[in-house]
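What follows is one structure encoded as structure tokens, with my remarks underneath.
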Amino acid sequence: MTLVDSLRLGAPEEWLSVAGLGLLMVAAWGGDKAARLIGLLAITALVVAGVLVAPSLTGHLSGSAVAAFQGQYSGDAFAAFGKLLIYLSAIVTLIIAPRFFDRSGGMRAEFPLLVLFASLGMGLMVSATDLIMLYIGLELNSLSAYVLASILRNDDRSAEAGLKYFVLGALASGILLFGMSLVYGFAGTTSFHGIHAALNGPMAMGATFGMIFMLSGLAFKISAAPFHMWTPDVYEGAPTPVTTFFATAPKVAAMALLMRVMLVAFGAEVGAWRQIIVFVSLISIVIGALGAIGQTNAEGGNIKRLMAYSSINNVGFILVGLAAATPQGASAMLVYLAIYVAMSVAGFVAVLLLRDEEGNQIEAIADLGGLSKRRPGIAAALAAVMFSLAGIPPLFGFWGKFVVFQAAVASGLLWLAALGIAASVIGAFYYLKVVKVMYFDEDVGKVTGAGDTPHFALLIASGVFISPLGYLATPWLGGLADGAAAALFHVG
Amino acid sequence: MTGFPILSLMLLVPLVGAVACLKASAPTARMIALVATLIDFALGVVLWSQYQIGGPQWQFTEHAAVFAGFSWKLGIDGIALMLIELSVFLMPVCIGASWTSIQTRVGEYMAAFLLMETLMIGVFTAQDLFLFYIFFEAGLIPMYLIIGVWGGADRIYASYKFFLYTLLGSVLMLIAMFWMVNNAGTSDIPTLMQYNFPVGAQKWLWLAFFASFAVKMPMWPVHTWLPDAHVQAPTAGSVILAGVLLKMGGYGFIRFSLPMFPDASVEFARLIFVLSMIAVVYTSLVALVQHDMKKLIAYSSVAHMAIVTVGLFAFNRQGLEGTMIVMLSHGLVAGALFLCVGIIYDRLHTREIDRYGGLAINMPRYALFFMVFTMASVGLPGTSGFVGEFLSLAGIWQSSTTVTLVCTTGIILGAGYMLYLYRRVIFGEQKHADTAAMPDLDMREFAMVIPLALVVLWMGIYPESFLAPMRNDIGALEARMAASRWKMANAGVHAQVKPARLAVAPSTKVGEAR
């Protein structure tokens, strides 16, 4: 494959790099006054990147036809699926951000740039087929994310969130790097396909260690238990648009990366990692559910913390698909991720719309009391998100759980499926609690501020997707996910 | 068949009504809800008149492949037809019962009820396993809101209990469904009803489905959510809960557990018998000592549902037919009794039995109707209750005389608590001035109780109208169960099979399982 072909395949990343650097210049000269303009331009850049990516989603090309830069980068359908979700999440973040930052002295010019660079890093993550590329993408994303978490410099909670995220994130990166070095030592190559070929048959102890360290590092990035501790603090402390971003794009990227590492690089060693994934998955489901119950019971339970625990819980369900280690399972994970992104967007946008008279954000769950009388639309949307996250049909969140558990049962993991779905009932309790506060409790009259059009538009769009109407999208979504998942299992 | 998608239309009408109600003012919402439910009732009448008795087993079938993983497939047999008729008949009554008693958030209330109607009809018409599951589970959301928003003082506890109990029961069923579809290669319910799953797997599948249906039914000892939910729900909520939602459990047994896992059903029949015998006697005794009218009727529901389960697991024609009639009759009678409680609750705002008394003096018409429904609940000949209970017990008699004996005891106790209730509420002295001042039924209440009473008597005097559409379907089920009993008996698992049954069993089934 020539350099020109490689450059053509890597076009989305190249475009984002150029656009990001160009906008950096605009920011350098325009300053914070140009922040809104940069935001709009960044959205445009992401849309263009999405257009560049889209053809490969249905291109049905895989293997060497899409391997660029000496097999370091893959422009296959799987990467395209992940990237589209990531760009979409980034666009949503950039749409909702300006209004939020208005109250704290306006959006900073760096904000859209950091989102753009984080998206670039995540694009590399989902396309990486080499340990080096993996790490570059991961770090580009993480470093942008650390700054994003602490972008409100005058806010203690934001600074705390950034610091916590940075320290723990650096530790996780170190663990990941250590694992990568061990794997490289035993496989003699950094290429995923090379590792797959080298690690065939019984695994050496060192290689197993390397794999487990890599798994731990990546588990941190997807906030799976027992590496989840940072999540509630960062979700709560970070500004809400940033939390929206964290809950969606990096989840997709890290999960896609984990899938590629496990199913491609360690695809021949399913027996070695399946039990770990099963354990991580179950414990995430349970810890996510129990932690969230703590949030609903405590005085001053926080809806953002609740969403954080909910994301841990959902990551557990997504990992059920990985434990299946089949194309069906991978496809199910992608479907779940797409639905999860929509649910998170709807949830956080609804939270953003909860303001008091002065426009301050309302985050305490108790303050949502009687919301259904005061703001029936927002309450209905939030209730739909809660039932959807709980996986109650006919809301579309059920479909995510449906495909994931179907894949698990099809691959013989009956016990995982039974335990996982039984544990989902624990989760239902706290989702119900939020609905109870909004619908059954007396109006506490806290939510008085007005919302604005872009937020409502986003809420309606994501709300329609998670409503029963979403089922009409299942053949289309399932087809795309199947195609994307098949790319992972392509041999050669 | 005409090819007209009447079932989809029946699902659509309440749904459209629900959306329209959301934004409507209170009087408009009431009118929309009434009109929508009446249209659905009219469609139900058309459905019954168009249903060909003795025609193909599945009629009015519709199929559209619009989803991935499952399909929009509807169709009904006689059993489903009767339960749909029950649903569409009770819904206008429910709307009537809420006409004046619900004054807050009327639009949302009516929307929740109409949504409920769509989902109930959906459960009975779905011919795809997963479509069924979606309808079955989705009903939790509106019912949770109905209990939680418009319920009584302790409504939040009751709504949680209802939701989590039912959800926990159902999720295991979903896993079992995945396994079945994986094994059989289709999620089509009529196909699966003919499919022979391996005997070993049947047991697990049966247990998973049992977890769901036993909670829904509800069977002892997982019945405890029911009294709470009933007592706290608004009147119409109780009517629909007792009238239709509980029937989903029985329908589940008839549609899934028995035909899909016949061998496991034969094996677990004894378990069902034991649980049902305990339920009949225990809940009847509990009902005797209740001070709350709704709670009393709720416990009587559990006892009646136990008659349903024993009738089902008798695996013979009388038992199965009796089961269906008990379900239909209980839907009408328990619904009507909750309605009667609601009528006096609206006047006095208490359900305490002791606060009433002597209603026969100031509310004679009310006393008459209450008596009709009490007698039907007791099982007086000439009412629907008698037909169902008699057929069920006749069916069980062929299986086990002990079970019949115990269940009959329960029925005697049933007469005890119902007559005791009637005596305390209707007869006796007028102890309280406010009770004595209560006005008799008004026109709206007449319009609700008269149709119910007429149907109860119709079903009691000429049950053939209701049995005829179901006859072939019950016959098919009986044949399938008989084959399985014979097979299990030959395998040395279930030794107590009457020789008369042997002749029915097709010889091709011999030893197929092992």
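Each protein sequence line maps, in turn, to chains B and F.
Numbered according to the working numbering, the first sequence terminates at residue 492, and the numbering increases by one at each position without gaps.
Numbered according to the working numbering, the second sequence terminates at residue 1006, and the numbering increases by one at each position without gaps.
Backbone N, C-alpha and C fix where the C-beta goes; we use that ideal spot for every residue, glycine too.
Of F:TYR657, F:ALA806, F:LEU507, the smallest CA-CA separation from F:LEU763 is found for F:ALA806. Looking only at B:SER158, B:ALA408, B:VAL464, B:LEU322, the smallest Cα-Cα distance to B:LEU258 is reached by B:LEU322. Here the region 215 to 225 of chain B does not lie against the region 190 to 201 of chain B, with fewer than 3 beta-carbon pairs under 8 angstroms apart. For secondary structure counted as the alpha helix (DSSP H) over 4 or more consecutive residues, the region 813 to 899 of chain F holds these complete runs in sequence order: 851 to 854, 856 to 870, 876 to 891. In this chain, the beta strand (DSSP E) harbouring F:HIS555 covers 551 to 556. Remark: C-beta atoms of F:SER821 and F:GLY729 do not approach each other more closely than 8 angstroms. Measuring C-alpha to C-alpha distances from F:ALA771 to each of F:THR900, F:GLU600, F:PHE753 identifies F:THR900 as the nearest.
B:GLY31 sits exposed, since fewer than 16 C-beta atoms from the chains shown fall within 10 Å of its C-beta. The alpha helix (DSSP H) runs lying completely inside the region 53 to 104 of chain B and spanning 4 residues or more are 77 to 102, given in chain order. For B:ILE283, the secondary structure class from DSSP, reduced to helix, strand or coil, is helix. F:MET665 is positioned such that its CB atom lies closer than 8 angstroms to that of F:PHE701. Boundaries of the alpha helix (DSSP H) harbouring B:LYS433: 414 to 439, taken from the DSSP string. Rounded to whole angstroms, F:THR529 and F:LEU582 show a C-alpha spacing of 9 angstroms. If you draw a straight line from the Cα of F:LEU699 to the Cα of B:VAL437, it is about 35 angstroms long. Across the structure, B:PHE398 and F:ILE836 are spaced so that their CA atoms are roughly 42 angstroms apart. Per DSSP, the continuous beta strand (DSSP E) segment holding F:LEU566 begins and ends at 564 to 568. Residues of the region 598 to 615 of chain F with a Cβ closer than 9 angstroms to any Cβ of chain B, in chain order: GLU600, LEU611.
Between B:THR240 and B:PHE166, the gap from beta carbon to beta carbon reaches 8 angstroms or more. B:ARG355 sits in a strand when the DSSP states are folded into three classes. Close to B:PHE186, with beta-carbon spacing below 8 angstroms, lies no residue of chain F; the smallest spacing is near 37 angstroms. Listed by position along chain F, the residues whose Cβ is nearer than 7 angstroms to that of B:SER281 form an empty set, because the closest Cβ is around 15 angstroms away.
With contacts defined by Cβ atoms closer than 8 angstroms, F:GLY850 and F:GLU921 form a contacting pair. In terms of beta-carbon proximity, F:ILE638 stays away from the interface with chain B, with every pair separated by 8 angstroms or more.
Beta-bridge partners assigned by DSSP to F:ASP680: F:ASP620. Close to F:TRP540, with beta-carbon spacing below 7 angstroms, lies no residue of chain B; the smallest spacing is near 27 angstroms. Residue state for B:SER191 is assigned as strand, using DSSP reduced to three classes. The beta carbon of F:LEU812 does not come within 8 angstroms of any beta carbon belonging to chain B, so the residue lies off that interface. Counting along the chain, B:TYR135 sits inside the alpha helix (DSSP H) bounded by residues 131 to 149.
The region 668 to 684 of chain F makes contact with the region 615 to 634 of chain F: 3 or more CB pairs, one atom from each, lie closer than 8 angstroms. Listed in chain order, the positions of the region 465 to 481 of chain B with a beta carbon within less than 7 angstroms of a beta carbon of chain F are TYR471, LEU472, THR474, PRO475, GLY478. Considering only F:SER563, F:SER793, F:TYR625, the residue with the shortest C-alpha distance to F:THR658 is F:TYR625. By the Cβ neighbour-count rule, F:LYS515 is exposed, with fewer than 16 other Cβ atoms within 10 Å of its own. The alpha helix (DSSP H) runs lying completely inside the region 325 to 370 of chain B and spanning 4 residues or more are 327 to 352, given in chain order.
Rounded to whole angstroms, the Cβ separation of F:MET602 and F:SER579 is 16 angstroms, and the two are not in contact under 8 angstroms. Residues of the region 635 to 663 of chain F with a C-beta less than 8 angstroms from any C-beta of chain B: TYR636, LEU637, GLY640, VAL641, ARG647, ILE648, SER651, TYR652, PHE655, LEU656, LEU659, LEU660, VAL663, listed in chain order. Membership of B:ALA384 in the alpha helix (DSSP H) is indicated by the continuous run 376 to 390.
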